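For reference, the structure discussed in these notes is given below.
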Amino acid sequence: MAAVAQMPPSAQSQAQKKPKTFQAYLPSGARTYSCAHCRANLADHNELISKSFQGSQGKAYLFNSVVNIVCGTAEERVLLTGLHAVADIQCECCKTTLGWKYVSLEIF
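One rule links them: number in this note's numbering = place in the sequence shown (from 1) + 1384.
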């Protein structure tokens, strides 16, 4: 005899609202950068462009590409290098704010 368990309606609606996400893993043995909070892989060391950036909360790194991130809404901000359209990024796994992503550059 088989048994079927049914989720309560509130749990069903929560499960329907939250899509399942799959975490990307970088090759084992590679030098990687990870989320300080949940240790999710974020970037391969070979994708590092520069360590010479300064964010509002300290040192920042520039990468060519990253994984396991979610982008917020783009907005214009005045940074040390001028006016840029940027979007905040968060770790896709734990939602910790990691920094920002350049969306477009304005050169004056």
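We put the beta carbon where it would ideally sit given N, CA and C, even for glycine.
Values in this document were obtained by computation on a predicted structure and should not be read as measured data.
Cys-1477 CB to nearest chain D CB: under 8 angstroms? Going by chain labels, chain D is absent from the structure shown, which holds only one protein chain.
Around the Cβ of Val-1462, are there at least 16 other Cβ atoms within 10 angstroms (buried) or fewer (exposed)? exposed
Supposed contact pair Gly-1483 and Ala-1444 - C-beta distance, whole angstroms, cut 8 angstroms: 6 angstroms
Strictly by DSSP, which residues pair up with Lys-1479? DSSP, once it has assigned bridges, lists no residue as partnering Lys-1479.
Could you give the DSSP three-state label for Val-1388: helix, strand or coil? Its pLDDT being 45, under 50, Val-1388 is placed unreliably in this model, and the coordinates cannot settle the point.
Just the C-alpha distance for Lys-1485 and Asn-1430, rounded to the nearest angstrom, thanks. 18 angstroms
Tell me which same chain residues have a C-beta within less than 8 angstroms of the C-beta of Glu-1459, skipping the five on either side of it? Ala-1469, Val-1470, Ala-1471
Indicate the three-state DSSP secondary structure (helix, strand or coil) for Asn-1523 in the structure shown. Since the displayed the chain opens at 1385 and closes at 1492, residue 1523 lies outside it and no answer follows.
Per DSSP, which one or two residues make a beta bridge with Gly-1442? Gly-1439
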